[in-house]
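These notes concern the structure reproduced below.
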Amino acid sequence: METSHGEEALTEEATAPSANESPRTDRNKKTDGARSIHTSLHRRILTLPRLQWTALSGLFALISGVLTYRFMVRHLPLSIVDEFQYIDAVNKAQRWDVVLTGDKTDQYARVLAACRGVGFDNPSTVIHQGVCAPYVPDSDTFIYGYTSADIHSPAYFFLTGWMSWPLKRFLHMELITAARLTGAVWLWLGMVALAWMLRRLGARWGVAVALPIAVASMPGFRLTNAYVTPDALNLLAGTLIIASMVLYVRGEWGIWPFIGISIVFSFVKFQNVFCVVAALVFLGWYVVTVLVRRHLTHHGDSDDAGGDGHLRLPRLWEGIALVVLPLAGSMIWMVIRSHTVAAVVDRPPLDPPANLDGLTVFSSMDDAYQLVFAGTGWSGVTSPWSIFPNVLVALLVAGTVATAMFDVKADVVERAFARSALLSCTAVGPMTILLFAIVFGASTGVLNRYVMVLIPVLVVPLCGRVTGRVAQGLLGVFAVGALYYAVHFTYIN
């Protein structure tokens, strides 16, 4: 009796040749069986990464949710970092109202500031802005009732308003609680994006799992992801901006992902332009490095002649587009804001006038390294003092310095990136002071929420440095320790 190939794979009769079958038929069956096994194994191999990423994404979602929720339920007062204005903008966004220059805050935010207070849980630091009542007058609230949320585009406020609606509608949460919980979503997406970037750039799985956990456990993220603030997108924004530029230089992506990502995140928050500039610094450093190497090779002065043929240089129009379009796009909201003043603003200035003191600018060069994970300059604001931020920043800087300056195994792209990373993280302090002085005419210091977008700049060089199992294991132990500390020692008086 003859059978089809599909029946041969499913019936016992097809597993052994009959007396009437020829040796050639037997060989065909064995070949088909081998192909079936190969196809099955191939499918399993293809689905394995998806399972790994699904499990890792679930783990990151759990961690980001626990970190955010544990901190926010213990810190009821509004953050001093402009949460009063931001929750007002979210409340307005749910009514399709865009905050413009000259607008005043609504009673919802004022009542929160009067009843919950603004500050931290220590009673000596919490300021109640007015009497806790259904109506709070201008004279009792921040900057005489005006809002400063117009400095940011409405993108984050509308996103937060839409994401908060299901929590309010179906779980009956208060707006401030639902809005704060959206920070866990952005932290989760940032962790997943960071792990994806690390794997895409060649990091081992141990690094791709442990490093996002360690980064998310730092005190700075409790300040930016457990409160209502556009800074909640820092990790996601920085990761996608840097990844899109590195993958462009490696010839894996075109120019438009970097341009589009840069414009989107700079529109959400203008300070994300710091990361855009860092990516452009890397591109410039890489181009100069390749041109110098090719010049030396042409003159016979290079030890690795012929090794640069695969390196990609942007065409002239690409280079112009990569520089001009993201930087121009970052100014979109600033231009709109200057032409959409709601009323004549007589609010008092929030910052003192610009003061470009040479010593102040010079001494700010190490601020990014000191503040990027620490939260703020106030002791005990986001957690009790710990060694974890210092250890992590030391690890990342050590990996960057080793790749940039020492004789370690690194290709042209990795070495150019590490050197540009040191330059960007060192220059962002003075750049912050100069930018605020030029654009806003104001004097400001370096805040961690401004430089956190540069975390991926420090993380990338570690991809090629942590390769051994012992090193990955130690990084995993550090990540677990930092996570445990963050969950169990959230600051409360």
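Taking our numbering, the leading residue of the sequence shown gets 829, the next gets one more, and so forth.
For glycine and all other residues, C-beta sits at the position ideal for the given N, C-alpha and C.
Asked: Does the beta-carbon distance from F1049 to L1009 come in below 8 Å?; Found: no
Asked: Would you check if the distance between the CB atom of M1162 and the CB atom of F1098 is smaller than 8 Å?; Found: yes
Asked: Quick one: what's A1230 bridged to in DSSP?; Found: According to DSSP, which records beta bridges pairwise, A1230 is partnered with nothing at all.
Asked: Measuring straight from C-alpha to C-alpha, what distance separates V1279 and V1256?; Found: 7 Å
Asked: Just the C-alpha distance for N1183 and T1254, rounded to the nearest angstrom, thanks.; Found: 20 Å
Asked: Is I915 helix, strand or coil by DSSP?; Found: helix
Asked: Beta carbon of S976, beta carbon of Q913: below 8 Å?; Found: yes
Asked: Let me know the secondary structure DSSP gives I908 once reduced to three states.; Found: coil
Asked: In terms of DSSP beta bridges, what is K932 paired with?; Found: Y974
Asked: Can you name, in chain order, every residue of its own chain whose Cβ lies under 8 Å from the Cβ of V1274, other than the five neighbours on each side?; Found: S1192, D1195, A1196, L1199, V1256, G1257, T1260, I1261
Asked: In the DSSP output, what is I955 paired with across the bridge?; Found: V946
Asked: Should D910 go down as buried or exposed, given a rule of 16 or more other Cβ atoms within 10 Å for buried?; Found: buried
Asked: For F1110 and M1073, which I take to be in contact (beta-carbon distance under 8 Å), what is that distance rounded to the nearest angstrom?; Found: 6 Å
Asked: Report, in whole angstroms, the separation of the C-beta atoms of F1190 and V1020, which I expect to be a contact under 8 Å.; Found: The pair is not a contact, with the Cβ atoms about 39 Å apart (cut-off 8 Å).
Asked: What alpha helix (DSSP H) runs, 4 residues minimum, are completely inside the stretch 1028–1061?; Found: 1033–1044, 1047–1053
Asked: Give every residue of the same chain whose Cβ lies closer than 7 Å to the Cβ of W1113, excluding the five residues on either side of it in the sequence, and list them in chain order.; Found: A1244, R1247, S1248
Asked: Looking at C-alpha atoms only, which residue of A1042, I1004, F986, I971 is the closest neighbour of Y936?; Found: I1004
Asked: Report yes if the C-beta distance between A1065 and G989 is below 8 Å; otherwise report no.; Found: no
Asked: Quick one, which of L1290, A1060, V1169, W1081 has its alpha-carbon nearest N1276's?; Found: A1060
Asked: Should I1283 go down as buried or exposed, given a rule of 16 or more other Cβ atoms within 10 Å for buried?; Found: buried
Asked: Less than 7 Å between C-beta atoms, sequence neighbours within five positions excluded: which residues of the same chain meet that for L1311?; Found: I891, I1041, S1045
Asked: Compare the beta carbon distance of I1069 and V1288 with 8 Å and say whether it is the shorter of the two.; Found: no
Asked: Thinking C-alpha only, which one of R898, F1086, D978, P1181 is nearest I1266?; Found: P1181
Asked: Quick check: the Cα distance between L1022 and A1107, rounded to an integer number of angstroms?; Found: 16 Å
Asked: What runs of the alpha helix (DSSP H), each 4 residues or longer, lie entirely inside the stretch 1088–1169?; Found: 1101–1126, 1144–1157, 1160–1166
Asked: Tell me, please, whether the stretch 1298–1315 touches the stretch 1229–1237 by the rule of three or more beta-carbon pairs shorter than 8 Å.; Found: no
Asked: Using three-state DSSP, classify P965 as helix, strand or coil.; Found: coil
Asked: If the criterion is Cβ atoms closer than 8 Å, does the pair H903 and A1054 meet it?; Found: yes
Asked: Which of helix, strand or coil does DSSP assign to A1270?; Found: strand
Asked: Is it true that the CB of A983 sits closer than 8 Å to the CB of V1096?; Found: yes
Asked: For N1100 and L1063, I'd like the C-alpha separation in whole angstroms.; Found: 10 Å
Asked: What distance in whole Å lies between the Cβ atoms of L928 and V1169, which are believed to be in contact at a cut-off of 8 Å?; Found: 7 Å
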